[in-house]
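Report on the structure given below.
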Amino acid sequence: MAITVTDPRPINRAEEILTPKALAFVEELHNRFAGTRNELLAARAAKRQRVAETGKLDFLPETQEVRDGDWKVAPAPAALQDRRVEMTGPASPAKMAINALNSGAKVWLADLEDASTPTWANVIDAILNLRDAAQGTLSYTSEEGKEYRLRTDAPLAVVVARPRGWHMQEKHLLLNGEPAVGALVDFGLHFFHIA
Numbered sequence: 044m045a046i047t048v049t050d051p052r053p054i055n056r057a058e059e060i061l062t063p064k065a066l067a068f069v070e071e072l073h074n075r076f077a078g079t080r081n082e083l084l085a086a087r088a089a090k091r092q093r094v095a096e097t098g099k100l101d102f103l104p105e106t107q108e109v110r111d112g113d114w115k116v117a118p119a120p121a122a123l124q125d126r127r128v129e130m131t132g133p134a135s136p137a138k139m140a141i142n143a144l145n146s147g148a149k150v151w152l153a154d155l156e157d158a159s160t161p162t163w164a165n166v167i168d169a170i171l172n173l174r175d176a177a178q179g180t181l182s183y184t185s186e187e188g189k190e191y192r193l194r195t196d197a198p199l200a201v202v203v204a205r206p207r208g209w210h211m212q213e214k215h216l217l218l219n220g221e222p223a224v225g226a227l228v229d230f231g232l233h234f235f236h237i238a
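Taking the numbering used here, the leading residue of the sequence shown gets 44, the next gets one more, and so forth.
The following block contains the structure:
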């Protein structure tokens, strides 16, 4: 399989994110999960059609054990235990990301879908900002000369990154001529650069 970046316009610092190893990681994610994703989307469309025709919403018999079982999920990590103040916003531009991290909120949901316009430049900028924030180097200087930096006098918000939904594509990355899965691009580039 071959991965191709289709947008020829220069994007500031894109080469830091779109490295051969990072793109190979996105390609591996695509190879492992895109087929299952496509099957699930088709099943969802079929189920929606059945519900529309019958007016009935039911559960799969093979998941009965999950519904009847005596189980619970693992506790949230310590950094996510106190979520009294949480904010949601885009990870691009840098000024907004810095303000979210410095806000005093316990958690910042860096939203790469609903709070962001997923243009190719915004996707790259968001991943850069998340990486720079994780490294403690995120900064921005406005045209007026005002500097924005991550605070050092108080804790920053814990970052929870939300990739685009399964149904969204990334037309600027093609795998064998087909658009990549937006969620896998967002997760893959973010995870690759901060792990």
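Don't be surprised by glycine CBs; every beta carbon is placed ideally from N, CA and C.
- Assign residue 80 to one of three DSSP states: helix, strand, or coil. The residue labelled residue 80 in the question sits at position 37 within the sequence shown. Residue 80: helix per DSSP, three-state reduction.
Give me the Cα-Cα distance between residue 111 and residue 94, rounded to the nearest whole angstrom. Here the question's residue 111 lines up with position 68 in the sequence shown. Here the question's residue 94 lines up with position 51 in the sequence shown. Rounded to whole angstroms, residue 111 and residue 94 show a C-alpha spacing of 24 Å.
Using only alpha-carbon positions, find the residue among 186, 204, 91 and 182 that is nearest to residue 195. For this step, residue 195 is matched to residue 152 along the sequence shown. The residue with the shortest Cα to Cα distance from residue 195 is 182.
query = What runs of the alpha helix (DSSP H), each 4 residues or longer, lie entirely inside the segment 70-132?
reply = Correct list: 107-111.
Check: Does the beta-carbon of residue 185 have 16 or more other beta-carbons within 10 angstroms, so that it is buried, or is it exposed?
Finding: Numbered from its first residue, the sequence shown carries residue 185 at position 142. Looking at its Cβ environment, which holds fewer than 16 other Cβ atoms inside 10 Å, residue 185 is exposed.
Nearest by alpha-carbon distance to residue 163: which of 198, 86, 217 and 108 is it? Numbered from its first residue, the sequence shown carries residue 163 at position 120. Looking at the Cα atoms, 217 is the closest of the given residues.
**Prompt:** Helix, strand or coil: how does DSSP classify residue 209 here?
**Reply:** Start at 1 with the first residue of the sequence shown, and residue 209 comes out as number 166. Residue 209: coil per DSSP, three-state reduction.
Query - Cβ pair residue 134, residue 154 closer than 9 Å - result: By one-based count along the sequence shown, residue 134 stands at place 91. By one-based count along the sequence shown, residue 154 stands at place 111. Pairing residue 134 with residue 154 gives a Cβ-Cβ distance under 9 Å.
Exercise for the section: Would you list the residues sitting across from residue 190 in a DSSP beta bridge? Expected result: As a first step, residue 190 must be located in the sequence shown, where it is residue number 147. In the DSSP output, where bridge partners are listed per residue, residue 190 has 184.
message = By the DSSP assignment, the alpha helix (DSSP H) with residue 232 in it spans what residues?
response = The count along the sequence shown starts at 1 and reaches residue 232 at position 189. It spans 225-237 - the alpha helix (DSSP H) in which residue 232 sits, taken as one unbroken run.
Original post:
Which residues mark the beginning and the end of the alpha helix (DSSP H) in which residue 177 is found?
Top reply: Mapped onto the sequence shown, residue 177 falls at position 134. From DSSP, the alpha helix (DSSP H) with residue 177 extends over 163-178.
(request) Within 10 angstroms of the Cβ of residue 161, are there 16 or more other Cβ atoms? Answer buried if so, exposed if not. (result) Against the sequence shown, residue 161 aligns to sequence position 118. Residue 161 comes out buried.
Original post:
On the premise that residue 65 lies in contact with residue 215, defined as a C-beta separation below 8 Å, what is that separation, rounded to the nearest angstrom?
Top reply: Within the sequence shown, residue 215 is the residue found at index 172, counting from 1. Within the sequence shown, residue 65 is the residue found at index 22, counting from 1. Not quite, the Cβ-Cβ distance comes to about 14 Å (not below 8 Å), so this is no contact.
Practice problem: Apply the 10 Å Cβ neighbour rule to residue 114 and answer buried if 16 or more other Cβ atoms are within range, or exposed otherwise. | Solution: Counted from its first residue, the sequence shown places residue 114 at position 71. Under this definition residue 114 is an exposed residue.
Grab the span of the alpha helix (DSSP H) containing residue 244 for me, first residue to last.
-> Missing from the structure shown is residue 244; the chain here goes from 44 to 238 and no further.
So, are the CB atoms of residue 140 and residue 169 less than 9 Å apart?
Locating residue 140 in the sequence shown gives position 97, where the first residue counts as 1. Locating residue 169 in the sequence shown gives position 126, where the first residue counts as 1. Yes; because the gap between Cβ atoms is below 9 Å, this pair is in contact.
**OP:** Might you give, ordered along the chain, the residues of its own chain that have their beta carbon closer than 8 Å to the beta carbon of residue 179, omitting 5 neighbours on each side?
**Re:** Mapped onto the sequence shown, residue 179 falls at position 136. Take residue 179, set aside five residues on each side of it, and the residues of its chain with a beta-carbon closer than 8 Å to its own are 193, in chain order.
What's the C-alpha gap between residue 211 and residue 119? On the sequence shown, position 168 is the one that residue 211 refers to. On the sequence shown, position 76 is the one that residue 119 refers to. For residue 211 and residue 119, the distance between alpha carbons rounds to 28 Å.
Item checked: Own chain partners of residue 59 with C-beta closer than 7 Å, once the 5 adjacent residues on each side are dropped -> Counting from one through the sequence shown, the residue named residue 59 turns up at place 16. Around residue 59, the same chain offers 171 as residues with beta carbons nearer than 7 Å, after the five sequence neighbours per side are excluded.
C-beta contact flag for residue 143 and residue 200 at 9 Å:
Taking the first residue of the sequence shown as 1, we reach residue 143 at position 100. Taking the first residue of the sequence shown as 1, we reach residue 200 at position 157. For residue 143 and residue 200, yes; Cβs fall inside 9 Å.
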